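Okay, so here's the structure we're looking at.
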Amino acid sequence: MNLLAISINHRTAPVELREALFLKEDEARSFIKLAKENLLKEGLILSTCNRTEIFGVPASGELSHQKIQELLLRFKPSQNITEEHFQKYISRDAVKHLFSVATGIDSLLVGDNQVFKQVKDSFQISEETNFAGYFMHRIFDSAIRAGKRAISETKISDGAVTVSYAAVQLTEKIFSNLNKKSALIIGTGETGEIAAKHLVGKGIGNLAVTNRTLEKAEKLAEELKAKVLSFSDFKEAIFKYDIIISATSSPEILLTKDDIKKAIKKRNNQPFILMDIAVPRDIDPESKKLDYVFYHDLDSLNVIVEQNLTKRKAEIPKVEKIIDEELNSFWEWYNSLQAAPAIKDLRDLFEEIRNEEVGKNKNKFSLDDQEKLEIVTKRIINKILHHPTIELRKNDNESGSSDAVTKIGIIRDLFGLSSKKISDTE
Amino acid sequence: MISAIHSINILLPFFYLLTLVVYFYDFIKGEKKLINIKRVFLFITLFLHLIYIVLRTVAFDHPPITNVFEIFTILAITISFSYFLVELVSDIRGTGPFIIVLSLIFQLISSVFIQDLVQVKDVLRSNLLGIHVISALLGYSGFTISAVYGFLYLILYKDIKLNKFGLIFNRLPNLEVLERLSLYSALIGFIALTIGIVIGIIWLPMAFPKFSFLDPKLIGTGLVWLLYGIGITSKVVGKWRGKRLVLLSISGFLLAIISTILSNFLAQSFHSFY
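Same order as they appear, the protein sequences are chains A and B. Here this note's numbering runs 15 ahead of the position in the first sequence, where the first position is 1. Here this note's numbering runs 1 ahead of the position in the second sequence, where the first position is 1.
Quick look at the structure:
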């Protein structure tokens with residue numbers, strides 16, 4: 016199989032180099048156009064914050080990884096990127112790598128199912144730009160199936176693996192229904208924003224945000240349909256919220272134990288969740304000693320994250336088994352696209368139909384004619400199959416090429432020829 | 002029939018043990034495929050237990066509610082049956098082992114000490130007695146389950162406060178659900194016990210010439226009833242919740258146990274029938 020892949024990712028390059036090669040959607044579309052004009056017949060471009068990968072079937076037979084790299088670096092010039100920053104895959108390994116990416120086991124955060132969506136989006140772009148041919152379509156289908164199976168059949172994506180999400184998941188161990196609860200986000204930086212989005216995703220009933228720079232709070236509030244509290248007097252209102260998530264860069268404590276004590280009194284001892292994900296901390300850690308107060312800081316949330324990551328890593332062998340199954344299934348299909356077995360399957364099918372029809376009708380003929388019937392029908396079949404057989408044999412010389420694969424694939428699809436396992440033909 | 006009763010009497014603790022093992026295994030492993038299997042085990046055990054009670058009632062001509070060890074077997078089935086309903090209705094997993102272990106203990110004690118009591122006092126054959134005892138038992142089953150959920154609430158509450166994110170944290174339902182289960186069980190128990198008490202007040206003076214409102218069991222039950230009454234009212238008016246409420250439930254359960262032990266084994270009471 017002449018599928019090539021190059022990958023620059025979190026294992027091979029630091030973030031600044033990955034950023035340098037990151038392709039936004041419009042850039043990916045432009046690069047596909049360039050690649051189609053110069054090197055590749057069909058393929059896939061996957062670009063996220065942790066990886067940029069190019070999968071492609073060469074337009075001519077003499078393509079190397081080097082040329083794809085050069086094209087990418089010509090499109091996105093970066094002086095510091097060298098040969099060592101790229102991983103290279105070919106044939107079966109390239110397909111396997113794509114499956115590993117789609118299932119999340121190749122991600123920085125093992126089991127990150129966001130990458131599954133990103134892979135699907137990349138497929139979409141390939142389709143829209145006519146970069147996805149018959150062969151790549153089949154790879155897409157298998158990769159998507161592997162990704163879906165990994166999520167549904169294993170626990171590879173279970174549990175929170177980011178501090179913000181761990182904070183939100185922990186609240187679900189205290190409250191049964193977030194729809195009826197309210198939350199206040201103090202600090203609308205990246206961490207606060209992610210936590211706010213997780214809460215909205217979990218269906219929080221009421222959300223409010225506050226930030227030293229009011230404009231930032233208003234922007235996030237508008238996006239999430241949240242309420243904005245003034246930073247100067249939000250302390251007076253904390254008792255109205257069941258969950259407080261604080262993620263500011265304030266050098267001093269924002270909420271003292273006394274503030275929390277007053278709030279819990281006003282709340283009539285209703286559970287009060289305080290998630291302090293700021294460094295240095297925003298909420299006095301002594302608050303955890305108060306009854307009905309559930310105080311958690313980065314250290315305690317990291318315990319959850321680490322536990323979940325360990326559990327996810329333990330699921331990797333199960334996902335690898337799924338990948339192997341999907342890879343074998345894909346490979347069976349691919350091998351069935353070799354010319355010889357395709358010709359045999361096609362002839363077997365016609366012979367089966369001929370045999371069945373002759374068997375059904377031969378009693379309508381005399382004994383002498385029955386023999387002639389066999390000869391005549393066989394001759395018809397041979398004549399019908401003569402030209403397709405010659406055409407398919409021509410492909411034997413270029414076995415595995417994109418054209419041959421497409422031709423044989425179409426014949427198999429048209430005549431409903433099942434993929435048959437041909438051992439050791441790789 | 003007697004030999005069948007004896008055989009099931011021996012088998013029942015083993016069935017409860019087996020069910021407990023399956024529930025405990027599920028608690029440790031948390032695998033989806035075990036959900037239905039464990040319910041089948043519990044259902045079979047409950048069904049066998051029901052057959053046992055019917056057989057005893059027919060063979061000995063009275064429902065098994067006339068002494069402590071007969072009552073223990075009824076407690077075992079009502080506790081597990083109540084839990085079975087909770088699990089079916091709420092689909093809440095992870096609390097089963099903590100409830101079923103109580104059924105196992107009650108059934109084990111009952112199986113070891115229960116006797117083939119054929120002769121019972123005439124006073125114990127009254128229909129009102131049946132309703133009185135069954136209501137009281139349902140009440141105590143409710144309080145038992147409420148206390149278990151209360152206990153689990155306290156463990157999870159502590160684990161979350163102390164950042165212990167182990168098996169308890171991963172398997173138990175959230176604190177609000179545990180509090181609600183504890184409250185509802187207590188509420189059902191309270192209603193059932195109230196019915197038992199009302200029937201008792203109407204029927205007891207007629208049935209027992211020695212009846213006295215100062216009877217230790219009556220005082221104990223009255224205190225338990227009062228405690229749960231205060232707790233439930235406080236919850237309804239919104240004064241008590243969470244930890245305080247479950248502590249009250251556990252205290253009520255302990256008081257019920259102490260009162261039962263004192264009145265049955267130590268004090269002389271018209272409630273002691275053997």
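All C-beta atoms in this analysis are idealised placements derived from N, C-alpha and C, irrespective of residue type, glycine included. Predicted, not measured: the structure shown is a model, and the values here were computed from it.
Check, Outcome
"Count the other CB atoms, across all protein chains shown, that sit within 10 Å of the CB of S264/A; report buried if there are 16 or more and exposed otherwise.", "exposed"
"If you drop the 5 nearest sequence neighbours on each side, which residues of the same chain put their C-beta closer than 7 angstroms to that of S414/A?", "With a pLDDT of only 49 at S414/A, under 50, the local geometry of the prediction cannot be trusted, and no value is derived from it."
"With DSSP run on the structure shown, which of helix, strand or coil describes A327/A?", "According to the sequence provided, residue 327/A is Arg. The question's Ala does not apply to it. It is helical."
"How should L246/B be labelled, buried or exposed, when 16 other C-beta atoms within 10 angstroms of its C-beta is the threshold for buried?", "buried"
"Is the region 141-157 of chain B touching the region 79-86 of chain B, taking contact as three or more C-beta pairs under 8 angstroms?", "yes"
"Identify the continuous beta strand (DSSP E) that holds E230/A and give its terminal residues.", "Segment 229-239 is the alpha helix (DSSP H) holding E230/A; no beta strand (DSSP E) there."
"How about I66/B: is its C-beta nearer than 7 angstroms to some C-beta of chain A?", "no"
"Would DSSP call E366/A helix, strand or coil?", "helix"
"Going by the DSSP bridge assignment, what does R66/A pair with across the sheet?", "N24/A"
"K162/B versus chain A: which residues are under 7 angstroms apart at the beta carbon?", "K303, F309"
"From the DSSP output, in three-state form, read off S81/B for me.", "helix"
"For K39/B, is the beta carbon positioned less than 6 angstroms from some heavy atom of the ligand FAD?", "Among the ligands in the structure shown, none appear at all, so the ligand FAD cannot be discussed."
"Between the alpha carbons of V125/A and S172/A, how many angstroms are there, rounded?", "8 angstroms"
"Just curious, the alpha helix (DSSP H) that M207/B is in, first and last residue?", "176-208"
"Are S302/A and V308/A touching if we call contact CB-CB under 7 angstroms?", "yes"
"When you compare only the Cα positions, how much space is there between I258/B and S91/B?", "28 angstroms"
"What's the gap between the Cα of I106/B and the Cα of L47/B?", "15 angstroms"
"Give the residues of chain A in contact with G243/B, contact being defined as C-beta atoms less than 9 angstroms apart.", "N284, Q285, P286, D306, Y307"
"Pull out every residue of the region 364-382 of chain A whose Cβ sits closer than 9 angstroms to any Cβ of chain B, in chain order.", "none"
"Excluding the 5 residues flanking L109/B on each side, which residues of the same chain have their C-beta closer than 7 angstroms to its C-beta?", "P14"
"Could you please give the first and the last residue of the uninterrupted alpha helix (DSSP H) stretch that includes H311/A?", "It is not in any alpha helix (DSSP H) - H311/A instead sits in the beta strand (DSSP E) that spans 308-312."
"Classify T46/B as helix, strand or coil using the three-state DSSP reduction.", "helix"
"Rounded to the nearest angstrom, what separates V23/B and R164/A at their Cα positions?", "28 angstroms"
"Can you give me the Cβ contacts of T392/A inside the same chain, cut-off strictly under 8 angstroms, excluding the 5 residues immediately before and after it?", "R369, E372, V373"
"Under 7 angstroms, Cβ to Cβ, is there at least one residue of chain A near E88/B?", "no"
"Taking one C-beta from the region 188-200 of chain A and one from the region 253-269 of chain A each time, how about it: are there three or more such pairs within less than 8 angstroms?", "yes"
"I'd like to confirm the pairing. Which residues does DSSP put opposite F287/A in its beta bridges?", "V308/A"
"Please list the partners that F190/A has in chain B, where partner means a Cβ-to-Cβ separation under 7 angstroms.", "N175, E177"
"Given N164/B, which residues of its chain have a CB within under 7 angstroms of its CB, disregarding the five upstream and five downstream residues?", "none"
"Straight-line CA distance for R33/A to G239/B?", "56 angstroms"
"At what residues does the beta strand (DSSP E) containing K103/A begin and finish?", "102-105"
"How is G239/B classed by DSSP in three states: helix, strand or coil?", "coil"
"Which residues mark the beginning and the end of the beta strand (DSSP E) in which I260/A is found?", "258-261"
"Of the choices S127/B, L188/B, P174/B, whose alpha-carbon is the least far from that of V285/B?", "This structure cannot settle anything about residue 285/B, because the visible part of chain B is limited to 2 through 275."
"When we look at the beta-carbon of M290/A and count the other beta-carbons within 10 Å, is it buried (16 or more) or exposed?", "buried"
"Roughly how many whole angstroms lie between the Cα atoms of A43/A and Y310/A?", "45 angstroms"
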